[in-house]
Amino acid sequence: MLTAPIIIGILLAYILGSIPTAVWFGKFIYDIDVRDHGSGNPGATNTFRVLGKRAGTIVMLADIFKGMLATSLAVLLLKFNLIEEQNLVTSKLIFGIVAVIGHIFSAFLNFKGGKGVATLLGMMIAIHYEVALLCIVVFLITLLISKYVSLASILSAMAFPTFLLFVPRFQSSEPLLVIFGFVLFIIIIWTHNKNIVRIASGDENKTYLVKSSKKEQ
2 MLTAPIIIGI
12 LLAYILGSIP
22 TAVWFGKFIY
32 DIDVRDHGSG
42 NPGATNTFRV
52 LGKRAGTIVM
62 LADIFKGMLA
72 TSLAVLLLKF
82 NLIEEQNLVT
92 SKLIFGIVAV
102 IGHIFSAFLN
112 FKGGKGVATL
122 LGMMIAIHYE
132 VALLCIVVFL
142 ITLLISKYVS
152 LASILSAMAF
162 PTFLLFVPRF
172 QSSEPLLVIF
182 GFVLFIIIIW
192 THNKNIVRIA
202 SGDENKTYLV
212 KSSKKEQ
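The sequence shown stops at residue 218 when you use this note's numbering, and every number in between is there.
Spelled out as structure tokens, the structure:
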């Protein structure tokens, strides 16, 4: 049931998710709109390419934080007895998903935005930090091997519901978590459809976490 506190939480989560960190940071600090360079995507990955590792890291951490903060609005509502404890996970999922949607369809960028991976990670950390940390490991290993941020994002998103389903330690009594995991995996696939095509054709940009003394072709 949509109560007034839930509706207000949804609006706040959307506004938090909509904050275009990459665009605002690039403009205010570097006087550069990252949308005019690189892939044109207003997200952390393109910020790494256009403005460098320091700027990219700041933007990525900010996007992760806004996902965590939006999802954690549910905890605030619980603290003030505005929702019941059995509705905590559901409320977290609602607020987190709304924040990711806000990042993808930002109200500050004419309902255009980034791909939502960092915001999604923040949501996952707020919901289940242990599985989220494992997903980060999957992301880093995939990136080190493939050099493709997009592929690493897709596989790490797929890892979330997989761990919840098949690893006894992480199996949850909340089936909604697993459903959420697969829904978000589908969203990540959808937002990365062009990257998938470029990977298949060999045209996708590569990202090197560790610089090699020998240039890769």
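C-beta atoms are modelled at their ideal positions from N, C-alpha and C, and glycine is treated no differently.
Because the structure is a prediction, the values reported are computed rather than measured.
> Does the separation of the CB atoms of Val51 and Pro43 fall below 8 Å?
Replying inline: no
> Is the Cβ-Cβ distance between Ala75 and Phe96 less than 8 Å?
Replying inline: yes
> Which full runs of the alpha helix (DSSP H) of 4+ residues lie inside the stretch 33-65, going along the chain?
Replying inline: DSSP runs (the alpha helix (DSSP H)) wholly in the stretch 33-65: 45-52.
> Curious, which full-length alpha helix (DSSP H) runs of at least 4 residues does the stretch 58-125 contain?
Replying inline: 74-80, 89-105
> Counting along the chain, where does the alpha helix (DSSP H) carrying Tyr31 start and finish?
Replying inline: 22-31
> Rounded to whole angstroms, how far is the Cβ of Gly27 from the Cβ of Thr48, which I believe are closer than 8 Å?
Replying inline: 7 Å
>> For Ser173, report the span of its alpha helix (DSSP H) as first-last.
In response: Run containing Ser173: none; DSSP gives neither H nor E here.
>> So for Thr4, helix, strand or coil by DSSP?
In response: coil
> I think Met69 touches Ile126, with their Cβ atoms under 8 Å apart; what is that distance to the nearest whole Å?
Replying inline: 6 Å
>> In the DSSP assignment, the alpha helix (DSSP H) including Leu141 goes from what residue to what residue?
In response: 130-147
> Looking at C-alpha atoms only, which residue of Phe161, Asp37, Ala56, Lys54 is the closest neighbour of Ile189?
Replying inline: For the options Phe161, Asp37, Ala56, Lys54, the alpha carbon positioned closest to that of Ile189 is the one of Phe161.
> Quick one: what does DSSP say Leu13 is sitting in, helix, strand or coil?
Replying inline: Helix at Leu13.
> In terms of alpha-carbon separation, which member of Ala153, Thr91, Lys113, Ala108 lies closest to Ile128?
Replying inline: Thr91
>> Between the alpha carbons of Ala149 and Met61, how many angstroms are there, rounded?
In response: In the sequence as presented, Ala is not what sits at residue 149; that position holds Tyr. Cα-Cα distance, rounded: 16 Å.
> Can you tell me where the alpha helix (DSSP H) with Ile195 in it begins and where it stops?
Replying inline: Position check: residue 195 holds Lys in this sequence, whereas Ile was assumed. Taken as a continuous stretch (DSSP letters only), the alpha helix (DSSP H) holding Lys195 covers 194-202.
> What number of angstroms, rounded off, separates the C-alpha of Ser173 from the C-alpha of Ala71?
Replying inline: Taking the straight line from one Cα to the other gives about 22 Å.
> In its own chain, which residues sit with a C-beta less than 8 Å from the C-beta of Ile65, not counting the 5 before and 5 after it?
Replying inline: Ala119, Thr120, Leu122, Gly123, Ile126
> What is the rounded straight-line gap between the Cα of Gly67 and the Cα of Ile16?
Replying inline: As written in the sequence, residue 67 is Lys, which differs from the Gly given in the question. Rounded to whole angstroms, Lys67 to Ile16 spans 10 Å at the Cα level.
> What whole-angstrom Cβ distance do Ser151 and Ile200 have, given they're in contact under 8 Å?
Replying inline: 7 Å
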